[in-house]
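Colleague:
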Amino acid sequence: DNSLFSIGNTLEVKLGYRGNLTTLMVGEITAIEPEFTIQRLPKVMIRGYDRSHRLHRGRHTQTFVQLKDSDIAAQISQQVGLSAQVEDSGVVHDYILQANQTHMEFLQERAGKINYEVMVEDRNLVFRPTANQDSEILTLMFTDDLLEFYPCMSSASQVNEVKVQGWNPKEKQAIIGRAATGDEGSKMGGETSGAALSEDAFGTAVKTLSNHPMITQAEADQLAQARFQQLNLELISGEGICRGRTDLRAGIVVQIDGVGKRFSGQYYLTSVLHRYCNSQYHTKFTVRRNAQ
């Protein structure tokens, strides 16, 4: 019954080692679950989420006119009581509809079309380009920090060109957006991108997108570039476990060494799970890479 544990109160989670704790999450209490039994003393479980849970509350229908995706993200952040930390997405859209979607569903849909990502850090809604082009922040060495690593290189989704087909009803003209080998952005320290690797092995392949309404050349070009870079980033995927590292966060680039020439290199962290159990602290993660 302590008012400290009330729905909506701020919750901060810290982990680390003696004398060196680091904040992993600042969020809000969303559930309180006590257990009462005559066999032992009562106990209570407190559940909470970071403030991205606000983006999952309710479904919304609204329109956005003459705005960039980054402007839309900033508007939605205000609607849910968050500050906006957005990077300019460049292209102005004539009309965008949020159709009976949660804010998170809608923002992730918009982010996917321009190779952006959506996250909430403390009280800030972050809307930014996928950051796999950043420099590595830390290094994980197999048999040292890195305890297990399971990478997989696959050419299944690799193409050397993405083509987007659209139609401008005002001008009555077809719109074609393209992105091809060389438009990967960064090879993350590798030598050969997924597109080039697959072309050398199996020849050319083109992915055509025609189910996305595009009425401007800028929209088509942006979607083609986004899809091409997303497919390239699927060349190598993997998961691993290391000793507890509070500096491992989703959305950063790490260097993984000691796993052979082909699989050593920079990786983009897509998810991170920190687990403290039976006095042991381990961090589990998933990664992607677009070149070898």
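For the working numbering, count along the sequence shown from 1 and bump the result up by 136. Quick reminder that beta carbons are idealized off the backbone N, C-alpha and C, glycines included.
Among the residues of its own chain, which have a CB less than 8 Å from the CB of Gln365, if the five just before and after it don't count?
Modeller: One-based indexing of the sequence shown puts residue 365 at position 229. The answer, listed in chain order, is Asn251, Thr266, Ala315, Asp319, Glu320, Gly321, Asn426.
Colleague: Does the distance from the CB of Asn368 to the CB of Ser400 come in under 8 Å?
Modeller: On the sequence shown, position 232 is the one that residue 368 refers to. On the sequence shown, position 264 is the one that residue 400 refers to. No. Outside cutoff.
Colleague: Specify the secondary structure class of Arg398 as computed by DSSP and reduced to three states.
Modeller: Taking the first residue of the sequence shown as position 1, residue 398 is located at position 262. Reduced to three states, the DSSP call for Arg398 is coil.
Colleague: Counting only the same chain and skipping the five closest in sequence on each side, list residues whose C-beta sits under 7 Å from that of Asp258.
Modeller: To locate residue 258, count along the sequence shown from 1; it is residue 122. For Asp258, where only same-chain residues beyond five positions count, the Cβ hits under 7 Å are Val162.
Colleague: Between the alpha carbons of Ala331 and Asn268, how many angstroms are there, rounded?
Modeller: As a first step, residue 331 must be located in the sequence shown, where it is residue number 195. As a first step, residue 268 must be located in the sequence shown, where it is residue number 132. Taking the straight line joining both Cα atoms gives about 16 Å.
Colleague: Could you tell me the distance, in whole angstroms, from the CA atom of Asp205 to the CA atom of His348?
Modeller: Numbered from its first residue, the sequence shown carries residue 205 at position 69. Numbered from its first residue, the sequence shown carries residue 348 at position 212. Their Cα atoms are separated by approximately 16 Å.
Colleague: Answer yes or no: do Met289 and Gln428 have a C-beta to C-beta separation smaller than 8 Å?
Modeller: Your numbering for residue 289 matches position 153 in the sequence shown. Your numbering for residue 428 matches position 292 in the sequence shown. In contact: Met289 and Gln428 (Cβ atoms closer than 8 Å).
Colleague: Can you find at least 3 beta carbon pairs, one from the region 282–301 and one from the region 377–388, that sit closer than 8 Å?
Modeller: The answer is yes - the region 377–388 touches the region 282–301, with three or more Cβ pairs under 8 Å.
Colleague: For Ile311, which residues in the same chain have their Cβ closer than 6 Å to its Cβ, ignoring the five residues on either side in sequence?
Modeller: Along the sequence shown, read from residue 1 onward, the residue named residue 311 stands at position 175. The residues are Gly302, Asn304, Met350, Gln353, Ala356.
Colleague: Just how far apart, CA to CA, sit Ala362 and His196?
Modeller: On the sequence shown, residue 362 is found 226 positions in, with the first residue counted as 1. On the sequence shown, residue 196 is found 60 positions in, with the first residue counted as 1. Each residue's alpha carbon lies about 26 Å from the other.
Colleague: Could you tell me how far apart the beta carbons of Val222 and Gln202 are, in whole angstroms, since I believe they sit closer than 8 Å?
Modeller: Counting from one through the sequence shown, the residue named residue 222 turns up at place 86. Counting from one through the sequence shown, the residue named residue 202 turns up at place 66. Not a contact, Cβ separation roughly 17 Å.
Colleague: Near Gly152, what residues of its chain come up, given a Cβ to Cβ distance below 6 Å and the 5 sequence neighbours on each side ignored?
Modeller: Numbered from 1 along the sequence shown, position 16 holds the residue referred to as residue 152. Closer than 6 Å at Cβ, skipping near neighbours: Thr158, Thr382.
Colleague: Taking the straight line between their C-alpha atoms, what separation do you get for Thr275 and Glu370?
Modeller: Looking up residue 275 in the sequence shown gives position 139. Looking up residue 370 in the sequence shown gives position 234. Cα to Cα, Thr275 sits roughly 21 Å from Glu370.
Colleague: Please identify the residue among His410, Ile182, Lys179, Gln215 whose C-alpha is closest to the C-alpha of His192.
Modeller: For the purposes of this step, residue 192 is identified with residue 56 of the sequence shown, where counting begins at 1. Comparing Cα positions, the closest option is Gln215.
Colleague: Would you list the one or two residues that DSSP bridges to Pro265?
Modeller: Looking up residue 265 in the sequence shown gives position 129. According to DSSP, Pro265 bridges with Tyr252.
Colleague: Which same chain residues, not among the five before or five after Glu297, have their C-beta less than 6 Å away from its C-beta?
Modeller: Sequence index remark: in the sequence shown, residue 297 carries index 161 (1-based). Ala316, Val342, listed in sequence order.
Colleague: So the beta strand (DSSP E) Asp336 belongs to, where does it begin and stop?
Modeller: As a working note, residue 336 is residue 200 in the sequence shown. Element bounds for Asp336: not the beta strand (DSSP E) but the alpha helix (DSSP H), 330–338.
Colleague: Assign Lys299 to one of two classes, buried (16 or more other C-beta atoms within 10 Å of its C-beta) or exposed (fewer than that).
Modeller: If you number the sequence shown from 1, residue 299 lands on position 163. Label assigned to Lys299: buried.
Colleague: Looking only at C-alpha atoms, which of Ile232, Lys179, Thr238 sits nearest to Arg190?
Modeller: Reading the sequence shown from its first residue, position 54 is the one you call residue 190. Ranking Ile232, Lys179, Thr238 by Cα distance to Arg190 puts Thr238 first.
Colleague: According to the Cβ coordinates, are Glu164 and Gly184 closer than 8 Å?
Modeller: Walking along the sequence shown from the start, residue 164 turns up at place 28. Walking along the sequence shown from the start, residue 184 turns up at place 48. Yes, they are a contact pair.
Colleague: Quick check: Thr390 and Ile273, are their CB atoms within less than 8 Å of each other?
Modeller: Locating residue 390 in the sequence shown gives position 254, counting from the first residue. Locating residue 273 in the sequence shown gives position 137, counting from the first residue. Looking at the sequence shown, residue 390 is not Thr but Val. Against a cut-off of 8 Å, the Cβ pair of Ile273 and Val390 comes out as a contact.
Colleague: With burial defined as no fewer than 16 other Cβ atoms inside 10 Å of the residue's Cβ, what is the status of Ser271: buried or exposed?
Modeller: In the sequence shown, residue 271 corresponds to position 135, counting from 1. Its Cβ having fewer than 16 others within 10 Å, Ser271 is exposed.
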